[in-house]
Amino acid sequence: MNISKIFHLTEEDKAEYKLLIDKIDLNDASKIIDMLNSKLDTMTTSKSLNSIETDLIKYVSVLLNIYQTYPGLTDSIKRRILFALSYFCDSNDDIPDVVPEIGYLDDAVVARWVIESIGRELPDVSLA
Numbered sequence: 001m002n003i004s005k006i007f008h009l010t011e012e013d014k015a016e017y018k019l020l021i022d023k024i025d026l027n028d029a030s031k032i033i034d035m036l037n038s039k040l041d042t043m044t045t046s047k048s049l050n051s052i053e054t055d056l057i058k059y060v061s062v063l064l065n066i067y068q069t070y071p072g073l074t075d076s077i078k079r080r081i082l083f084a085l086s087y088f089c090d091s092n093d094d095i096p097d098v099v100p101e102i103g104y105l106d107d108a109v110v111a112r113w114v115i116e117s118i119g120r121e122l123p124d125v126s127l128a
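Numbering (my numbering), first residue to last: 1 to 128.
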């Protein structure tokens, strides 16, 4: 499923998220990653996944892999990654996660937006 056809970020959304990204405390990285692991465990063991959820898991895995693999990431890239991961961990974000079928749609769009933004700075990063 092409999630960008269903939901997209407006420039206003992006501006709001950029303000939140600037507030990310890099010292909270291990706490965010712990929450992420717990959220993924719950998500993957509780039910069968739809295509939005499968895409989201792929995107979150890419972001976590980048964060853990590239030691020389700039603070800006680290903050964007941690923002996307923490956004996913927040059950009451723009589309609450409990909304059937589309609860994780915004999470997937945010994660993909972050991947695309850091991909411009790290050309060898892709969704493959």
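Idealized CB from N, CA, C, for every residue including glycine.
For residue i and residue j, I'd like the C-alpha separation in whole angstroms.
{"i": "D13", "j": "L20", "result": "11 Å"}
{"i": "I102", "j": "K47", "result": "14 Å"}
{"i": "P96", "j": "Y70", "result": "32 Å"}
{"i": "E116", "j": "D22", "result": "18 Å"}
{"i": "T54", "j": "T44", "result": "9 Å"}
{"i": "F7", "j": "D93", "result": "14 Å"}
For residue i, tell me which candidate among the options has the shortest Cα-Cα distance.
{"i": "S86", "options": "S76, G72, V110", "result": "V110"}
{"i": "R80", "options": "D55, V60, Y104", "result": "V60"}
{"i": "V114", "options": "K58, L63, K31", "result": "L63"}
{"i": "N50", "options": "Y17, V99, M35, E16", "result": "V99"}
{"i": "S38", "options": "D75, S91, Y67", "result": "S91"}
Using a threshold of 7 Å, state whether the C-beta atoms of residue i and residue j are closer than that.
{"i": "D107", "j": "L73", "result": "no"}
{"i": "L26", "j": "K78", "result": "yes"}
{"i": "Y104", "j": "I52", "result": "yes"}
{"i": "L9", "j": "C89", "result": "no"}
{"i": "L82", "j": "I24", "result": "yes"}
Evaluate residue i with the Cβ neighbour count: other Cβ atoms within 10 Å of its Cβ, from every protein chain shown; 16 or more gives buried, anything less gives exposed.
{"i": "R120", "result": "exposed"}
{"i": "A15", "result": "exposed"}
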